[in-house]
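Student: Here the protein sequences come in this chain order: A and B.
For the first sequence, position 18 (counting from the first letter as 1) is numbered 18 according to my numbering, and the numbering increases by one without interruption.
For the second sequence, position 91 (counting from the first letter as 1) is numbered 91 according to my numbering, and the numbering increases by one without interruption.
Backbone N, C-alpha and C fix where the C-beta goes; we use that ideal spot for every residue, glycine too.
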Amino acid sequence: ELKVEQNPLFLSMQEGKNYTIYCNYSTTSDRLYWYRQDPGKSLESLFVLLSNGAVKQEGRLMASLDTKARLSTLHITAAVHDLSATYFCAVDTQGGSEKLVFGKGTKLTVNP
Amino acid sequence: EPEVTQTPSHQVTQMGQEVILRCVPISNHLYFYWYRQILGQKVEFLVSFYNNEISEKSEIFDDQFSVERPDGSNFTLKIRSTKLEDSAMYFCASSATRLNTGELFFGEGSRLTVL
Numbered sequence: 001e002l003k004v005e006q007n008p009l010f011l012s013m014q015e016g017k018n019y020t021i022y023c024n025y026s027t028t029s030d031r032l033y034w035y036r037q038d039p040g041k042s043l044e045s046l047f048v049l050l051s052n053g054a055v056k057q058e059g060r061l062m063a064s065l066d067t068k069a070r071l072s073t074l075h076i077t078a079a080v081h082d083l084s085a086t087y088f089c090a091v092d093t094q095g096g097s098e099k100l101v102f103g104k105g106t107k108l109t110v111n112p
Numbered sequence: 001e002p003e004v005t006q007t008p009s010h011q012v013t014q015m016g017q018e019v020i021l022r023c024v025p026i027s028n029h030l031y032f033y034w035y036r037q038i039l040g041q042k043v044e045f046l047v048s049f050y051n052n053e054i055s056e057k058s059e060i061f062d063d064q065f066s067v068e069r070p071d072g073s074n075f076t077l078k079i080r081s082t083k084l085e086d087s088a089m090y091f092c093a094s095s096a097t098r099l100n101t102g103e104l105f106f107g108e109g110s111r112l113t114v115l
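#1: Write down every uninterrupted run of the beta strand (DSSP E) in the segment 4-64 of chain B whose length is 3 residues or greater and which is fully enclosed by it, in chain order.
#2: Just to make sure I have the definition right: I need the residues of chain B whose C-beta is within less than 7 angstroms of the C-beta of serine 26(A). Which are they?
#3: If you measure between the beta carbons of valine 4(B) and glycine 107(B), is that distance less than 7 angstroms?
#4: Would you mind telling me which residues of chain A sit closer than 8 angstroms to lysine 42(B), beta carbon to beta carbon, in chain order?
#5: If we define contact as Cβ-Cβ less than 7 angstroms, is valine 55(A) a contact residue for chain B?
#6: Are the beta-carbon atoms belonging to threonine 106(A) and glutamine 14(A) less than 7 angstroms from one another?
#7: Using C-beta distances below 6 angstroms, list every residue in its chain close to valine 12(B), excluding the 5 sequence neighbours before and after it, in chain order.
#8: Taking DSSP as the reference, what is the three-state secondary structure of aspartate 82(A)?
#9: Using the rule of at least 16 other Cβ atoms within 10 Å of the residue's Cβ for burial, across every protein chain shown, is glutamine 37(A) buried or exposed?
#10: In three-state DSSP terms, what is aspartate 30(A)?
#11: Determine which residues of the segment 40-52 of chain A have a Cβ less than 9 angstroms from any Cβ of chain B, and write them out in chain order.
#12: Just to check my reading of the structure: phenylalanine 32(B) and serine 94(B) have Cβ atoms closer than 8 angstroms, yes? What is that Cβ distance to the nearest angstrom?
#13: Would you say the segment 26-34 of chain A touches the segment 81-89 of chain A, given that touching needs at least three Cβ pairs under 8 angstroms?
#14: For proline 8(B), I'd like the list of residues in its chain whose CB is within less than 7 angstroms of its CB, leaving aside the five on either flank, ordered along the chain.
#15: Is DSSP giving glutamate 85(B) helix, strand or coil here?
#16: Name, please, each residue of chain B whose Cβ falls closer than 8 angstroms to the Cβ of glutamate 98(A).
#17: For glutamate 103(B), go through chain A and note every residue whose CB falls closer than 7 angstroms to its CB, in chain order.
#18: Is it true that the CB of leucine 65(A) sits closer than 7 angstroms to the CB of alanine 49(A)?
#19: Using only the alpha-carbon positions, how far apart do alanine 88(B) and proline 39(A) sit?
#20: At 7 angstroms on the CB atoms, spell out the chain A contacts of glutamate 59(B), in chain order.
#21: Taking just the CA atoms, how far does glycine 40(B) sit from alanine 63(A)?
#22: Report buried or exposed for glycine 103(A), applying the criterion of at least 16 other Cβ atoms within 10 angstroms of its Cβ.
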């Protein structure tokens, strides 16, 4: 059974600092998704990583995927308060499945 | 920008009552999903639906749950006899292609509170 582990689960950081959120998963997959969720809101798609070595960047966020290590990272550069949210990674279970397995989420708070 | 819409945004119901949550997926999408998120917890897959039938379901999706696409636009989730533990945010999602090539778009969610 596919397990997805995110760490840290809670992250409090200062504006202007850099940090990385990690997403590990337990079985082979080469498709990984990052979502942002604001309190009480839906899941906003940030990145879709569809192959080993994929790297995508949008503004202050950059996501990468290493399928050999079964690891994805979401790197935050020069954080700003607006980035405060919960970030989820989700992994496609493959094998013909249409199911995404989500991590528990990382609640990011960026302090002024 | 096309979006997935869900109604109601919040429903409060008594234990044992039937609930129907409605979703209008993005119009050219072919794959439809329901996920749920119990407050403060992770998002969990319930069911996927393609070509007018369930393609996959999780252990959570027991006989109390059903889905249908009654009119070619709406996609509904019915909970026949709600339990306290069904209280959660239910997200509908849709995709234009199979998940392994495409992106999943989520609706705003329907919060279900079972008393």
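Tutor: Reading from the atomic positions:
#1: 5-7, 10-13, 19-24, 31-37, 43-50, 53-57
#2: Walking along the first sequence from the start, residue 26(A) turns up at place 26. Per Cβ cutoff of 7 angstroms: no residues; serine 26(A) is ~15 angstroms from chain B at best.
#3: The sequence position of residue 4(B) within the second sequence is 4, counting from 1. The sequence position of residue 107(B) within the second sequence is 107, counting from 1. For valine 4(B) and glycine 107(B), yes; Cβs fall inside 7 angstroms.
#4: Locating residue 42(B) in the second sequence gives position 42, where the first residue counts as 1. By Cβ distance, chain A contributes Phe88, Phe102, Gly103, Lys104, Gly105.
#5: As a first step, residue 55(A) must be located in the first sequence, where it is residue number 55. Not an interface residue.
#6: By one-based count along the first sequence, residue 106(A) stands at place 106. By one-based count along the first sequence, residue 14(A) stands at place 14. No. Outside cutoff.
#7: Start at 1 with the first residue of the second sequence, and residue 12(B) comes out as number 12. Cβ neighbours of valine 12(B) beyond the five flanking positions: Thr113.
#8: Stepping through the first sequence from its first residue, residue 82(A) is reached at position 82. DSSP places aspartate 82(A) in helix when its eight states are reduced to three.
#9: Sequence index remark: in the first sequence, residue 37(A) carries index 37 (1-based). Glutamine 37(A) is buried by the Cβ-count criterion.
#10: Taking the first residue of the first sequence as 1, we reach residue 30(A) at position 30. Residue state, collapsed to three classes: coil.
#11: Gly40, Lys41, Ser42, Leu43, Glu44, Ser45, Val48, Leu50
#12: Walking along the second sequence from the start, residue 32(B) turns up at place 32. Walking along the second sequence from the start, residue 94(B) turns up at place 94. Correct: roughly 5 angstroms between the Cβ atoms.
#13: yes
#14: Walking along the second sequence from the start, residue 8(B) turns up at place 8. Around proline 8(B): Ser110.
#15: By 1-based counting over the second sequence, the position of residue 85(B) is 85. Three-state DSSP puts glutamate 85(B) in a helix.
#16: Your numbering for residue 98(A) matches position 98 in the first sequence. Tyr31, Tyr33, Ser48, Tyr50, Ser55, Glu56, Arg98, Leu99, listed in chain order.
#17: In the second sequence, counting from the first residue as 1, residue 103(B) sits at position 103. Simply Ser45, Val48.
#18: Along the first sequence, read from residue 1 onward, the residue named residue 49(A) stands at position 49. Along the first sequence, read from residue 1 onward, the residue named residue 65(A) stands at position 65. First, the residue type needs correcting, since residue 49(A) is leucine and not alanine in the sequence shown. Yes, the pair counts as a contact, with Cβ atoms nearer than the cut-off.
#19: The sequence position of residue 88(B) within the second sequence is 88, counting from 1. The sequence position of residue 39(A) within the first sequence is 39, counting from 1. Those two C-alpha atoms are separated by around 14 angstroms.
#20: On the second sequence, residue 59(B) is found 59 positions in, with the first residue counted as 1. Those do not exist, as glutamate 59(B) stays about 11 angstroms from chain A at its closest Cβ, beyond 7 angstroms.
#21: Numbered from its first residue, the first sequence carries residue 63(A) at position 63. Numbered from its first residue, the second sequence carries residue 40(B) at position 40. Taking the straight line joining both Cα atoms gives about 24 angstroms.
#22: Looking up residue 103(A) in the first sequence gives position 103. The residue is buried, with at least 16 neighbouring Cβ atoms inside 10 Å.
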